[in-house]
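Numbered according to the UniProt record's numbering, the sequence shown spans residues 1 to 474. C-beta atoms are modelled at their ideal positions from N, C-alpha and C, and glycine is treated no differently. In what follows, a single structure is set out as structure tokens and then discussed.
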Amino acid sequence: MLRKVSTLIGSLPKIHLAAASICTLIVGTTLLLLPSEEVEATRSTLKLVPAQVQPAQSASFGTEFTPTDEHEESFDTESSGTTEPEMALASTQIEAAVPPPVMENWIDYDVRSGDSLTSLFKRAGLSARDVYQVSQATEENKVLSRLYPGQTISFLIQEGELQKLKFVQDRLNSVEISRTDDGYTTQVLSRTPDVTPHIVSGTISNSLFVDASRAGLSDNMIMQLAQILGWDIDFALDIRKNDHFRVLYEEKFLDGEKIGEGDILAVEFVNQGESYAAVRYTDSNGDTNYFTPDGQSMRKAFLRSPVDFRRISSGFNPARLHPVLGTKRPHRGVDYAAATGTPIKASGDGKIIWRGTKGGYGRCIIVQHGGNITTLYAHMSGYKSGLSTGSRVKQGEVIGYVGMSGLASGPHLHYEFRVNGVHKNPMTVSLPHAEPVAKAEHTAFQRESSRLMAMLDKGATELALANPQQPPSN
């Protein structure tokens, strides 16, 4: 055989012999430099086929894979590309190398009556230093200074150190405090509820509270209604049987569940045949107030009643018989019977021109308002701290407390209203309005007022059709 090869080579031209010699030299050099097939197969086996992933290979491909020398040589030399078994093994190995996620172990503590941030941290095994650092992080919004029973605080503590704190104020607002290299940072989280308009109507047969509750209004909505219309209607004295009302207000929903109410958008109350209506309007400056549908302010410059009273024990009467002296003596004000300590409010903006004891009035405050109007508040048990002659007060601001100082037969507020020094009946005097809608807001206000009153009318009509016994609104 070798003789034939030699004869064949000898018969080739010289140029071919030279080329063959060069090729032989290149091939030989390459074989010397390359690693053997056995070494390459061993390297691939160690990298791709660890013993612990063999069951996974079996499950993936359905046949048992046994890495013998024969298979290794075949596997390594049959293809220079990546095969499906290689990809599966590599994927399995990467998945095995990824560590499982670390589970955060949160501990919840319910706020109990009398709890403070300090007591909650102590129950969680944290120190006063932790309380201080967290308090510093929440100093701006003071969110953790207002804790109420039923709320929950959650702690994430690792190796004795507070890492995170969660505080749920209510269903819409929560706070998360996280540890950083410099202390703690605060993130306030808020959810926005869905708001939809809702309307109710009712007829008075007992009282505003009883009949409005029966119609479906919450205590909060009833208080809003009374505050909006309270300058025109005294709900303790003026309402009559068969008076009726309709109220358009906001309902709030979260995840499809009602969570509360918002504001009254429009309201009408028919009292003794006279209609009083109001709409809510927010101007371009963001100020919100209630106005009549034509733009007059519902808020008067003065409160009709400066105290939450049980009853009027004595009205305005120029020829009244004095209950203590027993003589005929004009009663130039109104007496509101109320429990001792009941707050007394300034009926309008003004400046205190008298604070002290004044004869039969006992402890007394006199406030000077604009338009030559003064109001007097007598028989107080005490004054609100910080007020003195010369202090300025706002409408509705507490100035003192009901008592029976001076000539008084029981705890009550004696209230007088004077115009240019002349006594007027506080219950019937015509009270000046606050500022109406600004001229620059007229167009926007009329558009909003018409929209809200149309919604109120439509809703009232639908309710009347559903309940024919209910009197129609005027």
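Rank the options by C-alpha distance to the C-alpha of residue i and give the top, closest one.
{"i": "R304", "options": "L147, N206 and I344", "result": "I344"}
{"i": "G400", "options": "P193, G260, V367 and I239", "result": "V367"}
{"i": "V195", "options": "F167, G256, D234 and L117", "result": "G256"}
{"i": "N372", "options": "K424, T342, Q151 and L147", "result": "K424"}
{"i": "Y361", "options": "G350, Y415 and I352", "result": "Y415"}
{"i": "L452", "options": "A266, T340 and V210", "result": "A266"}
{"i": "V437", "options": "V188, D283 and G202", "result": "D283"}
{"i": "L172", "options": "D457, V188, D243 and E161", "result": "V188"}
{"i": "K358", "options": "A337, T342, D263 and S405", "result": "S405"}
{"i": "E161", "options": "D308, L147 and Y184", "result": "Y184"}
{"i": "A408", "options": "W231, E462 and A338", "result": "A338"}
{"i": "Y336", "options": "I312, I352, D349 and G350", "result": "I312"}
{"i": "V175", "options": "Q151, D182, P193 and G386", "result": "Q151"}
{"i": "I107", "options": "G114, L376 and Q163", "result": "Q163"}
{"i": "K122", "options": "E139, T138 and F155", "result": "F155"}
{"i": "V334", "options": "D115, V307 and R299", "result": "V307"}
{"i": "K300", "options": "G230, N105 and G216", "result": "G230"}
{"i": "D181", "options": "I199, T342, Q133 and Y377", "result": "Q133"}
{"i": "Y281", "options": "D115, Y109, N105 and Q446", "result": "Q446"}
{"i": "E462", "options": "V200, T342, A124 and R179", "result": "V200"}
{"i": "V422", "options": "A434, R332 and A444", "result": "R332"}
{"i": "F167", "options": "D110, V429 and N105", "result": "D110"}
{"i": "S297", "options": "S314, F309, V279 and G216", "result": "V279"}
{"i": "I177", "options": "E139, Y383, A444 and I204", "result": "E139"}
{"i": "residue 475", "options": "S381, N420 and G202", "result": "Outside the shown range of the chain (1 to 474) lies residue 475, about which nothing can therefore be said."}
{"i": "G114", "options": "A215, P149 and A378", "result": "P149"}
Would residue i be called buried (16 or more neighbouring beta carbons within 10 Å of its own) or exposed?
{"i": "P411", "result": "buried"}
{"i": "P393", "result": "Correcting the residue identity first, residue 393 is Val in this sequence and not Pro. V393 is buried by the Cβ-count criterion."}
{"i": "S145", "result": "exposed"}
{"i": "A59", "result": "With a pLDDT of only 37 at A59, under 50, the local geometry of the prediction cannot be trusted, and the value read off the model is given with reservation. The residue in question, A59, is exposed, as its Cβ has fewer than 16 Cβ neighbours within 10 Å."}
{"i": "R112", "result": "exposed"}
{"i": "E211", "result": "A small fix is needed here, since residue 211 is Asp in this sequence, not Glu. It counts as buried."}
{"i": "G403", "result": "buried"}
{"i": "Q158", "result": "exposed"}
{"i": "S388", "result": "exposed"}
{"i": "P432", "result": "exposed"}
{"i": "S74", "result": "Here the model assigns S74 a pLDDT of 43, short of 50, so the residue's position is not dependable, and the following value carries that caveat. By the neighbour-count rule (16 or more Cβ atoms within 10 Å), S74 is not buried but exposed."}
{"i": "T186", "result": "buried"}
{"i": "F417", "result": "buried"}
{"i": "L413", "result": "buried"}
{"i": "C287", "result": "Before going on, a small fix: residue 287 reads as Asp here, not Cys. D287 comes out exposed."}
{"i": "G459", "result": "buried"}
{"i": "L225", "result": "buried"}
{"i": "L237", "result": "exposed"}
{"i": "S190", "result": "exposed"}
{"i": "E72", "result": "Summary for E72: the model assigns pLDDT 42, below 50, so the residue's position carries little reliability, and this model does not support an answer."}
{"i": "S207", "result": "exposed"}
{"i": "E441", "result": "buried"}
{"i": "S80", "result": "Low local confidence applies: a pLDDT of 49 at S80 is under 50, so the model's placement there is unreliable, with the coordinate-based value given in what follows. By the 10 Å Cβ count, S80 comes out exposed."}
{"i": "T443", "result": "exposed"}
{"i": "G202", "result": "buried"}
{"i": "S128", "result": "The amino acid occupying residue 128 in the given sequence is Ala; Ser does not appear at that position. Exposed, by the Cβ-count rule."}
{"i": "T342", "result": "buried"}
{"i": "S385", "result": "exposed"}
Looking at the secondary structure, which residues open and close the beta strand (DSSP E) in which residue i lies?
{"i": "A277", "result": "E274 to T282"}
{"i": "N271", "result": "E257 to N271"}
{"i": "Q187", "result": "G183 to S190"}
{"i": "L376", "result": "I373 to Y383"}
{"i": "Q368", "result": "R363 to Q368"}
{"i": "N289", "result": "T288 to F291"}
{"i": "F309", "result": "It is not in any beta strand (DSSP E) - F309 carries neither H nor E in the DSSP assignment."}
Return yes when the Cβ of residue j is within less than 8 Å of the Cβ of residue i, no when it is not.
{"i": "F245", "j": "E268", "result": "yes"}
{"i": "Q169", "j": "V143", "result": "yes"}
{"i": "A346", "j": "Q395", "result": "yes"}
{"i": "I153", "j": "L126", "result": "no"}
{"i": "L248", "j": "M427", "result": "no"}
{"i": "I239", "j": "I264", "result": "no"}
{"i": "L147", "j": "S135", "result": "no"}
{"i": "Y276", "j": "I233", "result": "yes"}
{"i": "G356", "j": "T375", "result": "no"}
{"i": "S218", "j": "E261", "result": "yes"}
{"i": "P197", "j": "F253", "result": "no"}
{"i": "S391", "j": "I352", "result": "yes"}
Could you spell out the range, first to last residue, of the alpha helix (DSSP H) harbouring residue i?
{"i": "L208", "result": "L208 to A215"}
{"i": "M223", "result": "D219 to L229"}
{"i": "A337", "result": "That residue, A337, is in no alpha helix (DSSP H); its beta strand (DSSP E) goes V334 to A337."}
{"i": "K122", "result": "L117 to R123"}
{"i": "S132", "result": "Note that residue 132 is Tyr in the sequence shown here, rather than Ser. Looking at the DSSP string, the run of the alpha helix (DSSP H) that includes Y132 is A128 to A137."}
Would you say the stretch 349–364 touches the stretch 284–297, given that touching needs at least three Cβ pairs under 8 Å? no
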